[in-house]
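Everything on this sheet refers to the single structure shown next.
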Amino acid sequence: MDPSIINKIPPAVLAVLAKEDQGPKVVGIVVAFTVLAFICVLLRFFARIKFTLLGLEDYFIALSMLFSVATAACQIKQVEYGAGKHSMFVPLPSVIMSLKYLYFSILTYCVGFTLIKISILTQYQRIFTVTSARILIYVVMGIAISSGIAAFFTFAFACVPVEANWNVLKKPMAKCINDYAARYAHGTSNAVTDLLIAALPVKGIWDLQLVRRQKIALIMVLTLGWLVCIVSILRVYSLYVLQHSPDDQMFYSAPAVYWASIEMNLAIVCACVPALKPLVVKVIPAFASRRTANISTERSTTSKLTKFSHSFQKIGGTNTSSRNMDKDHNNGQRDTELGTVTALPALHRQDPNSSHITVTYDVDQQSNRRPSDGSIQRLVKL
């Protein structure tokens, strides 16, 4: 800030401004959300190891947690060097150090957030086995990875030489891009990919043969990413406020810092929630679900439905469709991994002359071998 402007400010006002510090608020939010995300990741791994099996998506979320911790460390160092205080009270060397940690926090944020998206999409890829759904998943994953890589290198070399990214004394002689334009573009691409990821499972779940209440519950759990979209918009708005406060950027940088932390760690929490269902059922048995399957038998010939990867066994001259449970267990959870049912569409048009047998059974949520991946209707002509 121009010293001539500071000299015009009354001493009483300066005293009030000197006490204004958003630093403690930033540290509190960053630590709280990072710890929350870390606890969710630990519980996720505990639930996987105890009740099911670890999958590739679990390792991706663990890596993203490491980058979240690194981002939090950089953000706390930003506060240590003056972020959250009014710029007039922060010496130039501290400003340079705060901007340096901002630079590294942006890079770790880009990598960590991309890993979170890969983890969620990898989980979708195992849940939804229909070819058309998988193609969409791979397309969105390609977009997420591409935008993540582009953002990383854009911010890494926003200024050449690189030191000019944080050293304001060298910035006038350096070649730099419009950093705010890059931040807006990255924030917007984040929000768009978050929306795509949140919307992906909706149609697949709605097509399942479940009661409406169960469908809505599954959609709510698997699409918690909508919350992250809202936070992404708030973070972009904080960047807008920061851009229009050039004389006091240290003070107005605080919201941008803590919204970035909330966004990243909330995304980790949302990614972990579906995997915690078996653990919740263990603690609160009332959450255990009752499943009903419609099982039919057909006399003529054995059918093989490769589209749904079903095994068929011939028993005493009557063809009975059955599921290979060991294979399902070894392949991990093919359902929503919520401990609830993932039903498949009806396999045949129902013949009015057909008979049906309905079997109702309870599923032990603690068992690694599950009777079925869903409420499967199989038609049998008697």
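Using this note's numbering, read the sequence shown as starting at 1433 and increasing by one per residue.
Yeah, the Cβ is synthetic: ideal placement off N, Cα and C, and Gly gets one too.
In this text, all values refer to a predicted model and were calculated from it rather than measured experimentally.
- Proximity of Ile1694 and Ile1493 at Cβ, strictly below 8 Å: no
- Message: Excluding the 5 residues flanking Ala1703 on each side, which residues of the same chain have their C-beta closer than 7 Å to its C-beta?
- Response: Ile1493, Ile1548, Ser1551 and Ile1552
- Query: Rounded C-beta distance between Gly1514 and Val1522? I'm assuming under 8 Å.
  - Reply: 4 Å
- Item | Simplified DSSP assignment, three categories, for Lys1602 | Residue state, collapsed to three classes: coil.
- Message: Here's a check: name, in chain order, each residue in its chain whose Cβ is nearer than 7 Å to the Cβ of Ile1629, leaving out the five neighbours to either side.
- Response: Within the same chain, Ile1629 has close Cβ partners Lys1549, Ile1552, Leu1553, Val1572 and Gly1657.
- Exposed or buried, what is Asp1679 when buried is set at 16 or more other beta-carbons lying within 10 Å of its beta-carbon? Under the 10 Å beta carbon count, Asp1679 is surrounded by fewer than 16 other beta carbons and is classified as exposed.
- Item | Within 8 Å, strictly: CB atoms of Val1689 and Gln1510 | yes
- Task: Report all residues from its chain with a CB closer than 7 Å to the CB of Ser1670; omit the five preceding and five following residues, and keep chain order.
- Result: Pro1687, Ala1688 and Trp1691
- Task: Please classify Lys1635: does DSSP put it in a helix, a strand, or coil?
- Result: helix
- Query: Using the C-alpha atoms, what's the distance from Val1592 back to Lys1607?
  - Reply: 5 Å
- Item | Assumed close pair Phe1499, Val1543 - CB separation to whole angstroms, cut-off 8 Å | Right, the Cβ-Cβ distance comes to about 5 Å (below 8 Å), so this counts as a contact.
- Message: DSSP three-state label for Gly1748, please.
- Response: Confidence in Gly1748 is poor, its pLDDT being 42 and thus under 50, which makes the residue's placement unreliable; the coordinate value appears in the next sentence. Of the three classes helix, strand and coil, the one that applies to Gly1748 here is coil, per DSSP.
- Message: Assuming the contact rule is C-beta atoms closer than 8 Å, Phe1411 and Ile1538 should be a hit. Round their C-beta distance to whole Å, please.
- Response: No statement about residue 1411 is possible, as the shown extent of the chain runs from 1433 to 1814 and does not include it.
- C-alpha gap between Pro1525 and Cys1506, whole angstroms: 17 Å
- Rounded separation between Tyr1533 and Val1527 - CA only: When rounded, the separation of the alpha-carbon atoms in Tyr1533 and Val1527 is 10 Å.
- In the DSSP assignment, what are the bridge partners of Lys1607? Val1592
- Item | Bridge partner(s) assigned by DSSP for Asp1490 | Looking at the DSSP assignment, Asp1490 forms no beta bridge with any residue, so it has no partner.
- Determine the direct distance from the alpha carbon of Ile1441 to that of Lys1451, and round the result to whole angstroms. The alpha-carbon separation between Lys1451 and Ile1441 amounts to approximately 15 Å.
- Cβ shell of Ala1631 (< 7 Å), same chain only, five flanking positions each side left out: Listed in chain order, the non-local C-beta contacts of Ala1631 below 7 Å within the same chain number zero, local neighbours out to five positions each way being set aside.
- Within this structure, are the beta carbons of Ala1576 and Thr1546 separated by less than 8 Å? Taking C-beta atoms as the reference points, Ala1576 and Thr1546 count as a pair closer than 8 Å.
- Looking at the unbroken alpha helix (DSSP H) that takes in Ser1537, where does it start and where does it end? Leu1524 to Ile1559
- Item | Cβ-Cβ separation, Cys1661 to Ala1623 (assumed contact under 8 Å), whole Å | With a Cβ gap of about 6 Å, Ala1623 and Cys1661 count as contacting.
- Item | Residue interval of the alpha helix (DSSP H) (run including Glu1695) | Gln1681 to Cys1704
- Same chain only: Cβ atoms within 7 Å of Tyr1570, ignoring 5 sequence neighbours per side: none
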